[in-house]
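Visitor: In my numbering, the protein residues as written are -13 to 364.
(1) Pick out whichever of 288, 190 and 59 has its Cα sitting closest to the Cα of residue 35.
(2) Using the Cα positions of residue 256 and residue 353, report the straight-line distance between them to the nearest angstrom.
(3) Which class does residue 47 belong to by DSSP, given the choice of helix, strand or coil?
(4) Let me make sure I understand the geometry here. Which of 317, 293, 91 and 184 has the alpha-carbon closest to that of residue 167?
(5) Work out the CA separation of residue 293 and residue 229 for me, nearest whole Å.
(6) If we count Cβ pairs, one from each stretch, closer than 8 Å, do we get three or more for the segment 320 to 329 versus the segment 253 to 270?
(7) Based on Cα-Cα distance, which residue from 134, 77, 311 and 62 lies nearest to residue 351?
(8) Might you give, ordered along the chain, the residues of its own chain that have their beta carbon closer than 6 Å to the beta carbon of residue -12, omitting 5 neighbours on each side?
(9) Using only the alpha-carbon positions, how far apart do residue 300 and residue 220 sit?
(10) From the DSSP output, in three-state form, read off residue 1 for me.
(11) Is the number of C-beta pairs between the segment 184 to 195 and the segment 35 to 47 that are closer than 8 Å three or more?
(12) Whose CA, out of 49, 79, 339 and 72, lies closest to the CA of residue 204?
(13) Closer than 7 Å by C-beta to residue 102: which residues in its own chain qualify, once you throw out the five before and the five after it? Chain order, please.
(14) Whose C-beta lies closer than 6 Å to the C-beta of residue 297 among residues of the same chain, with five residues either side of it excluded?
(15) Quick check: what's the CA-CA separation for residue 104 versus residue 187?
(16) Do the CB positions of residue 76 and residue 175 come within less than 9 Å of each other?
(17) Which residue wins for smallest C-alpha separation from residue 72, given the options 210, 87 and 99?
(18) Can you tell me which of 363, 227, 214 and 85 puts its alpha carbon nearest to the alpha carbon of residue 63?
(19) Of the choices 47, 145 and 155, whose alpha-carbon is the least far from that of residue 114?
(20) Does the beta carbon of residue 57 fall short of 8 Å from some heavy atom of the ligand ADP?
(21) Report yes if the C-beta distance between residue 250 and residue 278 is below 9 Å; otherwise report no.
(22) Excluding sequence positions up to five away, which residues of its chain have a Cβ less than 6 Å from the Cβ of residue 116?
(23) Helix, strand or coil for residue 355 per DSSP?
(24) Taking the straight line between their C-alpha atoms, what separation do you get for residue 19 and residue 319?
(25) Would you mind working out which of 93, 343 and 147 sits nearest residue 119, comparing C-alpha positions?
(26) Need the endpoints of the beta strand (DSSP E) that residue 238 sits in, please.
(27) Spell out the partners DSSP gives residue 213 in its beta bridges.
(28) Name the DSSP beta bridge partners of residue 150, please?
(29) Which residues in the same chain as residue 265 place their Cβ atom closer than 8 Å to its Cβ, once the five residues preceding and following it in sequence are excluded?
Written out as C-alpha cells, the structure reads:
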C-alpha cells in the first residue's frame, strides 16, 4: 500500500497546483478586461465680431495751457492778477517799465519825420527840374534860343532829382518800418491773456527785472480747463479696434463714486516709437470744474474688430516649447495648426492661423495628442 500512496500524492498535488494556477489566470483576466480608447470631444471654429470693453490708464489735460514770458527787458510795474484768477482774452496780466524802449521809439518817430521832410524837399526839387527841362524844350524850338549843352544839363538834373526821390521814398519806408517795430516792442510792455482761462502759476512780483533772455520760470502759467482732453495711450494690439466717435467712461481717484463720460475727438493715427501705442484724445465737458487737469483716470473703452475673426475655446490652444497651436481633426487624424492669440472674450480666445470657420478642432487639446495621430471623435 505504501508505494501506491507515494505515487498518488505527487499526482494529486500537481493536479491541485494546476487547478489553482488556472483559477488564478481566470481571476486576472476578469480583473483587467480590455478598455476601449477614450473618444476626443471636438468643437467647431467660430467666426465672430464681438465687442469688448478694456480698461486703460488715461490722463486729463487742459484744453489750452501756456507759459507766459516777457518779450522785452524791463521792470515789473504792477500785477493786477494772481494765482487762481480767472481772466478773459486780452485782459491785463502785468505792465512793465522799460525807458530805453520808449527812448528808441521816440528816436524812430523823429527819424520818420526827418525822412518824410527830406522826401518832400526832394520831390519839390524834382518837380522844379522837370519844369525847367520842359520849358527849355519849348524854347529850343526857336532856332538858336537854347544851346544843346544847356538842354542836356537840364535833362541830367531832372533825371538825378527823380532818382533822389526814389531813394528818399525808400528811406521813408525804412524809417516807418523801424518805427512800427519799436511800437510793437512798446506794446510788449503790456502783457495780456492770449485766451480765457485761469492763472495757475505766478512767479513775479512788482519791481522784478524780467526780459527775453530769462531762462527761468515763466511770469505766468495760464490754463483753460473748462474742457479737458482725456489722453489715452492705445496699445498696438487695439490700435485698429477703436470705433470712430466711440464713447468711453472713466473714474478718477479723487471722486471714486462718480462715473464720467467722454467721446472720442481725435487720434494720432500713428504709434509712438517709445511705447508702441497710439495717442487718442476724448473731450470732457468740465464747466463745473469737478475734474482737475493732471488727474489720472481709469478709462473703460469699447474695442471691436472691423470684420469677423476666428474664435476657439481657450482650452483648445496649446502653448508648448515648440509652438502655440490648436489640433484640427481631419480624416480622423490630428493636425497641429500654428496660431497666434488675439483678444479674449469670456471662455473664447481669438486666433490667427491656417484655420477656417466650421472646422473641427479638439476642445481640450494637449501635447499628448501628437501631430498625425489617429484619433476617434464623439
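Every residue, glycine too, gets a C-beta built ideally from N, C-alpha and C.
Guide: With the given structure in hand:
(1) Along the chain shown, one-based indexing puts residue 35 at 49. Cα-wise, what sits closest to residue 35 is 288.
(2) Indexing the chain shown from 1 puts residue 256 at position 270. Indexing the chain shown from 1 puts residue 353 at position 367. Whole-angstrom Cα-Cα distance: 40 Å.
(3) Here the question's residue 47 lines up with position 61 in the chain shown. Strand.
(4) Here residue 167 is taken as the residue at index 181 of the chain shown, counted from 1. Nearest of 317, 293, 91 and 184 to residue 167, Cα basis: 91.
(5) Sequence index remark: in the chain shown, residue 229 carries index 243 (1-based). Sequence index remark: in the chain shown, residue 293 carries index 307 (1-based). Cα to Cα, residue 229 sits roughly 12 Å from residue 293.
(6) no
(7) Against the chain shown, residue 351 aligns to sequence position 365. Minimum Cα distance to residue 351 is reached at 311.
(8) Here residue -12 refers to the residue found at position 2 when the chain shown is read from its first residue. Any reading at residue -12 must be qualified, since the residue scores a pLDDT of 39, below 50, and its modelled position is unreliable; no value is offered.
(9) For the purposes of this step, residue 300 is taken as residue 314 along the chain shown, with counting starting at 1. For the purposes of this step, residue 220 is taken as residue 234 along the chain shown, with counting starting at 1. In a straight line, the C-alpha of residue 300 is about 25 Å away from that of residue 220.
(10) The residue given as residue 1 occupies position 15 in the chain shown. Annotation note: pLDDT 39 at residue 1 (below 50); position unreliable, no value reported.
(11) no
(12) If you number the chain shown from 1, residue 204 lands on position 218. The shortest C-alpha separation from residue 204 is found at 79.
(13) One-based indexing of the chain shown puts residue 102 at position 116. Result list for residue 102: 158, in chain order.
(14) Residue 297 sits at position 311 when you count from the first residue of the chain shown. So the qualifying residues of the chain are 32, 34, 334 and 336.
(15) Numbered from 1 along the chain shown, position 118 holds the residue referred to as residue 104. Numbered from 1 along the chain shown, position 201 holds the residue referred to as residue 187. Cα to Cα, the separation comes out at about 51 Å.
(16) To locate residue 76, count along the chain shown from 1; it is residue 90. To locate residue 175, count along the chain shown from 1; it is residue 189. Not closer than 9 Å, so no.
(17) As a working mapping, residue 72 is identified with position 86 in the chain shown. Selected option, being the one with the closest Cα: 210.
(18) Taking the chain shown and counting its residues from 1, the one referred to as residue 63 is at position 77. Among 363, 227, 214 and 85, the Cα nearest to that of residue 63 is on 85.
(19) As a working note, residue 114 is residue 128 in the chain shown. Among 47, 145 and 155, the Cα nearest to that of residue 114 is on 145.
(20) Among the ligands in the structure shown, none appear at all, so the ligand ADP cannot be discussed.
(21) Start at 1 with the first residue of the chain shown, and residue 250 comes out as number 264. Start at 1 with the first residue of the chain shown, and residue 278 comes out as number 292. Not a contact, by the Cβ cut-off of 9 Å.
(22) By one-based count along the chain shown, residue 116 stands at place 130. Closer than 6 Å at Cβ, skipping near neighbours: 144.
(23) On the chain shown, residue 355 is found 369 positions in, with the first residue counted as 1. In this structure, residue 355 counts as coil in the three-state DSSP scheme.
(24) Position 33 of the chain shown, counted from the first residue, corresponds to residue 19. Position 333 of the chain shown, counted from the first residue, corresponds to residue 319. In this predicted model, residue 19 has a pLDDT of only 42, less than 50, meaning its place in the structure is not dependable; the value taken from the coordinates is given anyway. About 27 Å.
(25) Along the chain shown, read from residue 1 onward, the residue named residue 119 stands at position 133. With distances taken between Cα atoms, residue 119 lies closest to 147.
(26) The residue you call residue 238 lines up with position 252 of the chain shown. Residues 233 to 238.
(27) Counting from one through the chain shown, the residue named residue 213 turns up at place 227. Residue 213 pairs with 271.
(28) Here residue 150 refers to the residue found at position 164 of the chain shown. According to DSSP, which records beta bridges pairwise, residue 150 is partnered with nothing at all.
(29) Start at 1 with the first residue of the chain shown, and residue 265 comes out as number 279. Result list for residue 265: 217, 218, 219, 220, 253, 254 and 258, in chain order.
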